[in-house]
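As you go down the protein sequences, you meet chains B, D, Z and W in turn. According to my numbering, the first sequence is numbered sequentially starting from 661. According to my numbering, the second sequence is numbered sequentially starting from 19. According to my numbering, the third sequence is numbered sequentially starting from 5. According to my numbering, the fourth sequence is numbered sequentially starting from 345. What follows is a set of notes on a single structure, which appears directly below.
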Amino acid sequence: MTILHLCLIFSALLFSLGLAAALARSSGILVLLGIELMLNAANINFIAFWKFSPNPENGTGAMFAIFSIAVAAAEAAVGLALIIAIYRHQSSIRLQDANTLKG
Amino acid sequence: MPSSIDILWFIPALPLLAAFIGAISTQRMRSVASGSALSAMAVSFGLSCIALKDALAAPGVHQVNNFSWVSVGTFNLQLGFLLDPLTAFMLVMVTFVGFLIFLFSTGYMKGDENYAKFFCYLSLFAAAMLGILVSNSLLLTFICWEVVGLASYLLIGFWFFKPEAAAAAKKAFITTRIGDLGFLIGLIWLHSISGTQLFYNNGEGFLETINLVEATAPALFAISAIGILLFCGAIGKSGQFPLHVWLPDAMEGPTPVSALIHAATMVAAGVFLMARVFPLLEFGSALTVVAYIGAITALLGAVIAVAQNDIKRILAFSTVSQLGYMMLAIGVGVWEAAIFHLLTHAFFKALLFLGAGSVIHAAHHEQDIRALGGLAPRMKITFATFSIGMMALAGVPFLFSGFWSKEAILHGAHTWSVSHIPFYIGLVAVVLTAFYMTRLMANVFFGKPRSHAVEHAHENNWVMTLPLTLLAICAILLGFLGTPAFPWLQAKLLGKDLSGALEFGKIFEGPGLMITSIVLVALGLGIGWAIYGFRKRERFGDADPLEKRFPGLWSALEHRLYFDELYAATILKTNSLLASFSDWLDRWIVDGAVQLVSKLGTLLGFINRDIDEQCLNAGFNETAEEIRGIGNTYSKAQSGDVHGYLRVMAWGFVAIVILVSIALNI
Amino acid sequence: MMTFSTILAQAVTGTSSQDIPFSPPLLSLIVFAPIIGGLILLIFPKLDTVLARILGLFFSLSTLVMGTGAAIIVLELFGTAPIIKTAKFMSPYKLVENGEIVSSLGINYHLGIDGISILLVLLTGIIAPMCLLASWKIKKANLFNALMLLTQGAALGVFLTLNFFHWFIFWELSLFPVFFLIKIWGGPNATRAAYQFVIYTLGGSAFMLLSFAAIYAATGQLGFNILPSYVGIEGSLNEKLAAFGSTVPMLVFWGILVGLAVKVPLFPLHTWLPITYAEAPVGVSMFLTAILSKMGVYAVHRILWPIFPEQLKTASPYLIWLALAGIVLGAYAAMRQTDLKRMIAYSSINHLNYCLLAVFAAFGATHATQAAADAAFSGTLLQMFNHGLSAAALFFCIGVLEDRSGVRGLNDFGGVRKVAPVFAALCGISMFSSLGLPGLNGFVSEFLIFRGVFELMPWAAVIACLGLLGTAIFLLNFWQKVFHGPIKNNTSKITDLSPREILVLGPVVILMFVIGIWPQFIINLFKAKLDLGH
Amino acid sequence: MTTFPIITLLIIAVITLGITAVALFLKNIIHCSILLAVSWVGIAAFYLWAGAEFVAFAQVLVYVGAVSMVVLFAVLLTQRKQLDLEKLTGTVGFRELGKLAAAMVATVLVIAIATTPLTGSFDAINEPVITVRDIGIQLRDNHIGALLIVGVLLTVALLGAVVVASAEPKTEE
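This is the structure we're talking about:
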C-alpha cells in the first residue's frame, strides 16, 4: 500500500459517492452535482498520477486537470440550464417526471 | 474709422441677427420681427453704399480679409471676405431690392399667422445671399449657397399645409442639390490641385495663380472639368436647362418670395458665381458649354412662357429665359455685360413680380390671366409701373434699362469668335420675349374683368405701391449706367479707367445690330398686339387664338414641353428602382445569406431525413417490419427513466470488471 | 500666470513644481462612476423612482463633467506643446493611469486618453444623459437606468483602456445590458432583435479574441501602446505571426476586422442593425447609434491603424467597395422604409460608412499626400462626433412622435409642423444636420471626408456623392410627409415638446450650430495627434 | 518524514468523503449544495497537498466560486413550488437499487486498486514542482490549440446555456 494507492482509493470512493448521488437522488440538480463529483474524482486521479510520475516537471497531468475543470464548468452551466428548461416545461425537476424519451 | 473691408462682414451678419430675432419671436412680437428685418436691411444697404464708394475709388483692386477656418495637420481651409466693384454693385442691388421687397411684404403678408417666421426666413435668405457676395472663398460661397437653398426651401414651402407647396419645396431643394453636388466636387477638385480655394489672396488666390498654370493637356482638362462642375451648381441655382424644372414650381411660395428669390437675387447667384470665377472658366474650354446652355435656356424659357396662363409662371419662365441670356453673355466672354443685365433684370423683374403680387393681392389671389382683365383703369399705379417693367423686359429702345443691357449681351454674342448660333438664338428670344409680355399685358390690364373678384379690385396702399414706384424709376435710370456711349459700369467692373468723356458716337457703332434688335422688338410687340390686343378675350373659358391655330404645339408648350413628365419617367424612375433594388438586396440577399447559414443546419437535418425515408425505407421495408417487431420488444427497456439508464451502466461496469478479472485470472 | 486649468492639470498629473497633494485618478473615475451608479441602482431596486432617475442622471452626467475636465487638462498641457513620440506610430497618450494586475501575463490595468478617446468620451457624456432624459417616463425606470449606466461605463471603458484584456472585457460587457434593455423594453419583435444583436456581435468578437490570442502568443504583449512598436522594426509583429504559418498575419487581421465590422457595421455585416434599432426603446436606439457604433470605428483607429498598417493597406482597395456599398445602399434602402426608425437606422449605416470610407481611402491610395490624409482622418473623427449628435437627435424625434401617437410609420402623419412648431424646428435642424447642410455640423465632417477621399481616390468620392443625394431625398421625403401637408388623424394627438424634451434636444441643436460654424473648437481636441503625423 | 504527508492526506480524504457522504443524504437541497461546495474545497486542498497550486486555485474559482453559485441560483429558481422531491411515486426501490449499484462499483474499484501492484518509489514526497508561470508557458507553447478550443467551447456552451434557459414556452405570447 503506497501513498498512490491511498490517493486512488480516495478518488474511487469519491467517485462512488458521486455515483450514488446520481443514482439515488431524484432532484435533477443533485444528480448533476453527483456527476460533477465523479468528474472531480477523475481529476484527483490525474493529479495523483502526475505527482508520482517519473518526470512531473512536464506538468501534463496538471494541464489535463485544468482543461477538465474548464469543460466541467461548461457542462455544469449547460446542465443547469437544461434543468431550468425542464422545470419550465414540467414545473418539476424530478427526473422521474422527465420521461418523454420513453420508447 | 475702419476701412470697409473690415466691416464688410456686418453686411451679412446684420440680417442673420434679424433672422435669429425672427426665429425666437412669437406671433405677438410680429412687429419686432419685421422691424428688425427691415432695419437690418436698411443698415446693410447703408454699409453697402459705403463699400461701393470705397470699391469704386480703387477699381481693379481686390481687397481681402482672410482667416483660417479649419486647420489640422498639414491640412488647412481658409475663408475670407472680398471687396471689389463686382461685389459692391451686387451688394447695393441686393440690399436695395431686398429692402423694398421686405417693405412690400409687410403689407402683402399682413394677415398671415406665421408672419414672424416669414421675416425670419427672408432675413436668413438675405444674410446668406449677401454672404455669397462678400465671400472670398469658394467654400464660403458654397456654404452660403446651400443656406440660400435652405431659405428658398423654407420660403417655397411657407404654406406647408398645401401639398403642392410642400412638394414644390422638396423638388426645388433636391433639383438644386443635384447641381450643388457638381459644385461640391468641383470645389474639392480645385482645392486638391491648387491647395487653396480663396479667390484672391495677395497673389496666391486661385484666380490669381490660374494664369501661371502651364497650359498642358491634363491641366486644361482638369480646369475645364472644374469649370463645368462649378457651372453645374449655377445650372441648378439659376434654373438653367436641364435643371430649370424647379423654378416655375417654386411660384407656389408667397409672391414677395418669388420676387426676391426667384427673380432678383438667388437665381442670379449662379450668374454671379460664374462672373466671379471667370478667369478660371476662361482658362479651359468650359465657356463654350456655358454659352450653349445659356442659349438653349434663353430660347426654351421664352418659348414655354408663350403658352402659360398663370401670371407668376409666365414671369418665372421669363426669368429662366433672361438667366439664359446672362449665361450666354458669360459664355461668350462678356461677363461685365452679364452683370449689367443681372442688375437691370433684378430691378425690372422684381418690379414685375411685385406688380403681379399687387394684382394678385387686389384680385383676391386670382393668378390666372384668363380670369383677370381690365385692371388698367382700376389700378393705375400698378398698371403704370408694370408697363415700365414690361417694356424694360421686352427691351423697348433707349429709355428702358433692359434695352441697354440686352444690347450689350447681343453685341458680345455677335463678336464671339467661336460661333454665331448663340447670337441668332438670342435674337429669336428677343422676339418671343416682346410677344409673350404683350400677351400678358393685354390679358391682365385690358379688356374687361372676367371674374367677380377682379371687378372689385382697387389699388393697394402705399406700402405696396411705394416699392413699385421706386423700382420703376430704377428700371428706367439704371440703363444709363452702361450705355455704349458711357460704359461706366462695365469699366468699373473690369477695373479699367474710363476716358471720362461721353462718346455718343459709340451708340451707333455697328448700327446694323442695334437696328436689327429694335426691329425685332417692334415685331414681337406688333404680333402680340395683333393677336391679343385687337380682339380681346371675352370670357374665362375662351381658347387662346394660337391654341386654335396650333393645338398640338400649344398643348406641348402648355405642359412645358413635358420636361417634368420626362424626368419622372427617367430619372425619378431610375432612382426609385435603385431604392427598391437596394431594399430588396438588403432584405433578401444579404439578410437572406445570413438566414441561409442559420438554416443550413436545419437543411442538413432535412436531407438526412429524406435519405432515411427514400433509401432505407424503400429498400429495407420488409426487413424493417421484422426488426420493428423485435424493436418493440426491446423498446420496453426504454423506460425514459434516467436513473434506470445510469444504473444499468453501473451494473454493466461492475459486470465487465468482474468478467475481465475472471478471464485474466487475476 | 496660473489659470485654474493649469492648476487642475498639475494637480491631476502631478507635474507641478509646487506640491499639490491631490491627484485623483481621473480616468478611472470617468470609467467607473457610471458603473458604480448602475450597481447602486441594481443593489437597491426598491429605491424611489424619482430618486433613482435623479441618481441615474447624476452619474450619467459625471462623464460630461469629468470628460470636460480631462479635455481642459489635455488642451492645457499639450494643446500647444509638442509631444515626444516614443516610437514610430505610437500615439501620444496624454493622461495615463497604469497599474499591474497580472504582470507575468502582460495584463496591465492601463488607461490612457488621447484626442480620439477624449472626443468619444465627451460624446458619451453628452448623449448618455440625453438618453436617460429621453426615457424619463419609461416603466421600471430603476432597472432601466441601472442598465443604461452599465452600458455607458462599458463604452467608456472601451474608449479609455489601453490593454486588450480589459478592452475586450468592456467590449463584451457593453452587450449584456443592451440585450436586456432591448428584450425587456423593446417592441413586439424585441426578443428576436436582442438575440440577433448579441449573437452577431459575439460571433464577431470570437474572431477578434482568436486573433488577439495569436498576437499574444507571438509577442506576449497585449498593450495597445506597446504593440504598435512592433510595426516596421526588426522582428516585427508580422514576422512573429508568420512564424505560425505564412497566412497567419492576414488571418489575424481579418479576424479583428470582422469583430469591428460587425459593430460599425460594415456591409454586409449590417443586417442586425435595422431590426435592432427599430425594436429597441428610443433611449437605447439613441445610445446604440450614437455611442456603441462608434466603438467599432474607434477600434479601427486604435487597433487596426497602428498595429496592422501593412495589412490594412493591402486590404483597403477591396474594403473600400464595401464601405461604398454601405453608403449607397444605406441611403437608397432608407428611401424604401416606411418605419421611421428603420429609416434612420439605414441612414446611420450610410453615415458611419463615410468614416470607414475615409480610413480605407487613406490607406488604399497608391499616392497619398499628407494634407489629404489629414483631411480624411480628421473628417472621420469629426464625423463620429457629428453622427452621434444628429442620429441621436433624430431617433429622439421619432421617439417623440411614437410616444404621442403610438405609431411611427412614414405615412401615418402629416402637418405636424402646424401643431408642434417648436418640435418641428428642432427636428428640422437635426435633419438638415444629418443631410449635411453647410452651417451645421454634418457638413464640416462630410466636406473633410470628401476632400480627403477625392484626392486619394476620386472615383470613390464621386460614387459616394450618390449617397449624399440619396440622403437628401429620403430625409426631405420624411420631412414632407410627416411635417408638411394637411393634418391627419394621428397628428392631432401630437403636442409640442415639454420642457424636459426641449432640454434634451436644445443643447444638441446648439452644438450642431457651434460645430458647424466653428469646427476648430472640436478639431483642437485631436489636432495635436494629427499635427505630429501618424 | 514519510508519515506526515500520509497523515495529511488521510485527514483530507476522510473529511472530504465524510462531508460528501453527509451532503448526499441530506433532504434539503440547499444544505446539500452548500456542503458540496465545502467538499470541493476539500478536493482543492488535496490538489494543494499534491503541489498543483494552479489547479487548486482553478478548482476553488470554478467550483466553489462559480458552479456553486449557479447551483444555488438553479435551486432557488426551481424551488418556487415546495414539492416533496423525495416522495415515492411509482419508483419503488430505485433509491435502494442505486445505492446498491454504487456500493458494488466502489467495492470493485477498491479491490482492483488494492490488488494492483504499483512499482516505484512513492515515499519521497516531492515539493511542488509546477508554478503558475510554468503553466502559462506550457499553455502558450504546447497547448495553445487546446486552449483556444476550450475558449470557443466555453463561449458556445455559455450561449447555449443562455438560449436553453431563456427559451420561453410558445403559449405565453
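Note that beta-carbon positions come from the ideal geometry of N, C-alpha and C, so glycine has one too.
Contact defined as beta carbons within less than 8 Å: I believe residue i pairs with residue j. What is the distance between those atoms, to the nearest angstrom?
i                      : j                      : result
residue 370 of chain Z : residue 419 of chain Z : Incorrect: roughly 53 Å between the Cβ atoms, too far for contact.
residue 161 of chain D : residue 443 of chain Z : 6 Å
residue 96 of chain D  : residue 49 of chain D  : Not quite, the Cβ-Cβ distance comes to about 41 Å (not below 8 Å), so this is no contact.
residue 296 of chain Z : residue 527 of chain Z : That belief does not hold up - the Cβ atoms of residue 296 of chain Z and residue 527 of chain Z are roughly 24 Å apart, past 8 Å.
Is the beta carbon of residue j closer than 9 Å to that of residue i?
i                      : j                      : result
residue 508 of chain W : residue 738 of chain B : yes
residue 139 of chain D : residue 40 of chain D  : yes
residue 226 of chain Z : residue 167 of chain Z : yes
residue 556 of chain Z : residue 152 of chain Z : Residue 556 of chain Z cannot be examined here, being either before or after the span of chain Z that is shown, 5 to 538.
residue 430 of chain D : residue 355 of chain D : yes
residue 191 of chain D : residue 421 of chain Z : no
residue 386 of chain W : residue 359 of chain W : yes
residue 270 of chain Z : residue 323 of chain Z : yes
residue 428 of chain D : residue 336 of chain D : no
Using the Cβ count rule (16 or more neighbours within 10 Å means buried), how would you classify residue i?
i                      : result
residue 468 of chain D : buried
residue 46 of chain D  : exposed
residue 432 of chain W : At residue 432 of chain W, the pLDDT of 43 sits below 50, so the modelled position is not reliable; the number obtained from the coordinates is stated separately. That one is exposed.
residue 373 of chain W : buried
residue 288 of chain D : buried
residue 420 of chain W : exposed
residue 508 of chain D : buried
residue 89 of chain Z  : Confidence is the limiting factor: at residue 89 of chain Z the pLDDT is only 31, short of 50, which leaves the residue's position unreliable and the question unanswerable from this model.
residue 283 of chain D : buried
What does residue i touch in chain W if you count any residue whose Cβ is under 7 Å from its own?
i                      : result
residue 214 of chain Z : 492
residue 672 of chain D : 448, 449, 452
residue 691 of chain B : In chain order: nothing, as chain W lies at least about 10 Å away.
residue 669 of chain D : 445
residue 217 of chain Z : 492
Which residues does DSSP list as the beta-bridge partners of residue i?
i                      : result
residue 396 of chain W : W/474
residue 93 of chain D  : D/90
residue 167 of chain Z : Z/227
residue 83 of chain D  : D/99
residue 754 of chain B : B/687
residue 343 of chain Z : Z/413
residue 378 of chain Z : According to DSSP, residue 378 of chain Z bridges with nothing at all.
residue 24 of chain D  : Paired residue(s): none; residue 24 of chain D is not in a bridge.
residue 155 of chain D : D/216
residue 562 of chain D : According to DSSP, which records beta bridges pairwise, residue 562 of chain D is partnered with nothing at all.
Check the Cβ of residue i against every Cβ in chain Z and list those closer than 7 Å, keeping chain order.
i                      : result
residue 604 of chain D : 333, 337
Who are the neighbours of residue i on chain W, taking C-beta pairs under 8 Å?
i                      : result
residue 702 of chain B : Ordered by position in chain W, no residue passes the 8 Å Cβ test against residue 702 of chain B, which lies about 11 Å from the chain.
residue 206 of chain Z : 499, 503
Mind listing the chain B neighbours of residue i? Cutoff is C-beta to C-beta under 8 Å, in chain order.
i                      : result
residue 504 of chain W : 738, 741
How would you list, in chain order, the residues of chain D whose beta-carbon sits under 9 Å from the beta-carbon of residue i?
i                      : result
residue 616 of chain B : In the structure as shown, chain B starts at 661 and stops at 763, and residue 616 of chain B therefore has no counterpart that could be examined.
residue 488 of chain Z : 175, 178, 179, 180, 181, 183, 184, 185, 187, 188
Under 7 Å Cβ-Cβ, which residues of chain B neighbour residue i?
i                      : result
residue 487 of chain W : 723
Residue i touches chain Z at which residues, Cβ-Cβ below 9 Å?
i                      : result
residue 484 of chain W : 220, 221, 224
For a contact meaning CB atoms closer than 9 Å, what does residue i contact in chain W?
i                      : result
residue 676 of chain D : 452
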